[in-house]
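A.B. asks:
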Amino acid sequence: MLREGLQRLAGWRLKAMGGWRRPKTLVIDIDSLPVEVHGEQPGSAWNGYYHRRVYHPIVAAEGETGDILDLRLREGQVHTADGGLEFVLEVLERAERHLCGNAAVRFDAGYPGEPLMAALEERSTHYVVRVRNNAVLKRLALPAMDAVVWDALRNGAPAGEPRTWVCESSYRAGSWSRSRRVVQVVVERPGELIPRCFWLLTSIPSEEMSGEDLLALYRKRGKAEGHLGELMSVVSPALSSTSRRKSHYPQGR
């Protein structure tokens, strides 16, 4: 009932923004977040990535408004993508039933795995995800990185905003069933010769969306942070107590 309620609240807002019409497409952001505890509550655990004792829930949010669509509590030590396949498919099914015609998904690094990507491709759901760098991608990145560095050496960096370049490629990790489209993003860093480089992995064909538009789509992530901050301000006080019995309280309080 709570999950259905979240979907309906998000649907009312979307319809109000769109003249009370059901949107044809919708982007859903999938992420995880640490919920710090200050005790030894059951299920909480030390998480080596966050260096804190936490719960580690997975969250789905509407990409345009940041409205939370679903949130599942998980134990503190689980991997970012733990339970992600079932969670994402359930969120998509409800979203396409209540909110939109077709939904797409944005992830951060840590989620892309063959089972999840294959399931999304099977249901024709587009996704864009940041993929972690590795030795193969570093080799693929070298020509574009070299070109940017030589350009800076010859011409100097222009004043104003740092420049960004995108390059198309195809990449297949060892655990994947096939090659997939990746977009290399090279970004100047003010005052530094070596630019920053990262990769986006997507199921969206280049004829349908250019690398520049894909980067713009990915950079719209994070709208849910304000809503999650409000949620944490409510949840945190309840997680700040240890699980021991309060026998030291005066009787009757």
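Counting the sequence shown from 1 gives a position; our numbering is that position plus 25. Positions of the beta carbon are idealized from the N, C-alpha and C atoms, including for glycine.
Could you tell me the alpha carbon to alpha carbon distance between L226 and S200, rounded to whole angstroms?
C.D. replies: Here residue 226 corresponds to residue number 201 of the sequence shown, with the count starting at 1. Here residue 200 corresponds to residue number 175 of the sequence shown, with the count starting at 1. When rounded, the distance between both Cα atoms is 15 Å.
A.B. asks: Less than 8 Å between the C-beta atoms of V210 and L240, yes or no?
C.D. replies: Position 185 of the sequence shown, counted from the first residue, corresponds to residue 210. Position 215 of the sequence shown, counted from the first residue, corresponds to residue 240. Yes, Cβ-Cβ distance for V210 and L240 is below 8 Å.
A.B. asks: Considering only DSSP beta bridges, list what F223 is partnered with.
C.D. replies: As a first step, residue 223 is located in the sequence shown; it is residue number 198 there, counting from the start. BP columns for F223 point to V210.
A.B. asks: According to DSSP, is R278 part of a helix, a strand, or is it coil?
C.D. replies: As a first step, residue 278 must be located in the sequence shown, where it is residue number 253. Residue placement at R278 is poorly supported in this model, since its pLDDT is 48, which falls under 50; the coordinates still yield a value, given next. Note: R278 maps to coil in three-state DSSP.
A.B. asks: Could you tell me the alpha carbon to alpha carbon distance between L218 and Y75, rounded to whole angstroms?
C.D. replies: Position 193 of the sequence shown holds residue 218. Position 50 of the sequence shown holds residue 75. Looking at the two C-alpha atoms, the distance is approximately 31 Å.
A.B. asks: Would you list, in sequence order, the uninterrupted beta strand (DSSP E) runs of no fewer than 3 residues that lie entirely inside the region 129-200?
C.D. replies: 152-156 and 189-196
A.B. asks: In this structure, does DSSP put V60 in helix, strand or coil?
C.D. replies: What you label residue 60 is simply residue 35 of the sequence shown in a count that begins at 1. V60 falls in the strand class under three-state DSSP.
A.B. asks: Is D171 buried or exposed, if buried means 16 or more other CB atoms sit within 10 Å of its CB?
C.D. replies: Mapped onto the sequence shown, residue 171 falls at position 146. Looking at its Cβ environment, which holds fewer than 16 other Cβ atoms inside 10 Å, D171 is exposed.
A.B. asks: Could you name the residues of the same chain whose beta carbon sits closer than 8 Å to that of H273, not counting the 5 residues immediately before and after it, in chain order?
C.D. replies: On the sequence shown, position 248 is the one that residue 273 refers to. Low per-residue confidence applies at H273: pLDDT is 49, beneath 50, and the placement is therefore not dependable, though the value from the model is reported in the following sentence. Correct list: empty, nothing qualifies.
A.B. asks: With DSSP run on the structure shown, which of helix, strand or coil describes W37?
C.D. replies: By one-based count along the sequence shown, residue 37 stands at place 12. If DSSP states are grouped into helix, strand and coil, W37 belongs with the helices.
A.B. asks: Just list the beta strand (DSSP E) runs in the region 89-126, keeping only unbroken ones of 3 residues or longer that don't cross its boundaries, in chain order.
C.D. replies: 93-97
A.B. asks: Would you check if the distance between the CB atom of G30 and the CB atom of N72 is smaller than 8 Å?
C.D. replies: Within the sequence shown, numbered from 1, the residue matching residue 30 stands at position 5. Within the sequence shown, numbered from 1, the residue matching residue 72 stands at position 47. It is not a contact, given that the beta carbons lie outside the stated cut-off.
A.B. asks: Measuring CB atoms only, is the region 141-155 touching the region 111-122, in the sense that at least three cross pairs come out at less than 8 Å?
C.D. replies: yes
A.B. asks: For E87, which three-state DSSP category applies?
C.D. replies: Stepping through the sequence shown from its first residue, residue 87 is reached at position 62. It is a strand residue.
A.B. asks: Let me know if D54 comes out buried or exposed under the rule of 16 or more other beta-carbons within 10 Å of its beta-carbon.
C.D. replies: Mapped onto the sequence shown, residue 54 falls at position 29. D54 is classed as buried because its beta carbon has at least 16 other beta carbons within 10 Å across all chains shown.
A.B. asks: Distance check for V103 and H63, CA to CA, integer angstroms please.
C.D. replies: To locate residue 63, count along the sequence shown from 1; it is residue 38. To locate residue 103, count along the sequence shown from 1; it is residue 78. Spanning the two alpha carbons is a distance of roughly 19 Å.
A.B. asks: Applying the 10 Å Cβ sphere with the 16-neighbour rule, what's the burial state of A166?
C.D. replies: For the purposes of this step, residue 166 is identified with residue 141 of the sequence shown, where counting begins at 1. A166 is buried by the Cβ-count criterion.
A.B. asks: Helix, strand or coil: how does DSSP classify L51 here?
C.D. replies: Along the sequence shown, one-based indexing puts residue 51 at 26. Correct three-state label for L51: strand.
A.B. asks: Select from S69, L98 and V84 the residue whose C-alpha is nearest the C-alpha of R77.
C.D. replies: Counting from 1 along the sequence shown, the entry for residue 77 is found at position 52. Looking at the Cα atoms, S69 is the closest of the given residues.
A.B. asks: Determine the contact status of K40 and N127, defining contact as a CB-CB distance below 8 Å.
C.D. replies: To locate residue 40, count along the sequence shown from 1; it is residue 15. To locate residue 127, count along the sequence shown from 1; it is residue 102. No, the pair does not count as a contact, with Cβ atoms beyond the cut-off.
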